[in-house]
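Student:
This is the structure we're talking about:
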């Protein structure tokens, strides 16, 4: 009796867990197994035009560091992580975010 109850709880937990995972979960894993950036842009962007900045370290999926900026208008660009202007903008964004908290 106790064994059946434990089995039912386990089945219920697995069903509940399967509904919590997003439908695109497998799709996002497949997308992350390769480099996202084919080419990079070195054009500077002012910090007020940047909505978000994503840095992906190198690893088994990609041999290089990737920096992807999303602008306020929704356009995404891959940036050259070695660009000098980028470190300045990142410092300003970090400073701005730390002042908001």
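Residue numbers (mature numbering (1 follows the signal peptide of the UniProt record, and there is no 0)): -26 to -1, 1 to 75. Ideal Cβ positions, reconstructed from N, Cα and C, are used throughout, including at glycine. Every value quoted in this text rests on a predicted model; they were computed, and no experiment measured them.
#1: Could you pull out every residue in the same chain whose Cβ sits closer than 6 Å to the Cβ of residue 36, ignoring the five residues on either side in sequence?
#2: Mark residue 68 as exposed unless 16 or more other C-beta atoms lie within 10 angstroms of its C-beta, in which case mark it buried.
#3: Measuring CA to CA, which of 70, 73, 20, 71 is closest to residue 43?
#4: Which residues share a DSSP beta bridge with residue 16?
#5: Cα-Cα, which of 73, 12, 72, 27 is closest to residue 48?
#6: According to DSSP, what are the bridge partners of residue 26?
#7: Classify residue 29: buried if its beta carbon has 16 or more other beta carbons within 10 angstroms, exposed otherwise.
#8: Could you tell me which of 15, 55, 12, 51 sits nearest to residue 25, measuring between CA atoms?
#9: Among residues of its own chain, excluding the 5 on either side of residue 41, which ones have a beta-carbon nearer than 6 Å to its beta-carbon?
Tutor: The relevant details are as follows:
#1: Sequence index remark: in the chain shown, residue 36 carries index 62 (1-based). Excluding sequence neighbours, residue 36 sits near 9.
#2: Position 94 of the chain shown, counted from the start, is the residue given in the question as residue 68. It is exposed - the Cβ of residue 68 has fewer than 16 other Cβ atoms within 10 Å.
#3: As a position in the chain shown, residue 43 is number 69, starting the count at 1. Selected option, being the one with the closest Cα: 20.
#4: As a first step, residue 16 must be located in the chain shown, where it is residue number 42. Partner(s): none; residue 16 has no beta bridge.
#5: Counted from its first residue, the chain shown places residue 48 at position 74. Out of 73, 12, 72, 27, 27 has the C-alpha closest to the C-alpha of residue 48.
#6: Counting from one through the chain shown, the residue named residue 26 turns up at place 52. Partner(s): 44.
#7: Along the chain shown, one-based indexing puts residue 29 at 55. Per the 10 Å Cβ criterion, exposed.
#8: In the chain shown, the residue the question calls residue 25 occupies position 51. Ranking the options by Cα distance to residue 25, first place goes to 51.
#9: Position 67 of the chain shown, counted from the start, is the residue given in the question as residue 41. Closer than 6 Å at Cβ, skipping near neighbours: 29, 53, 55.
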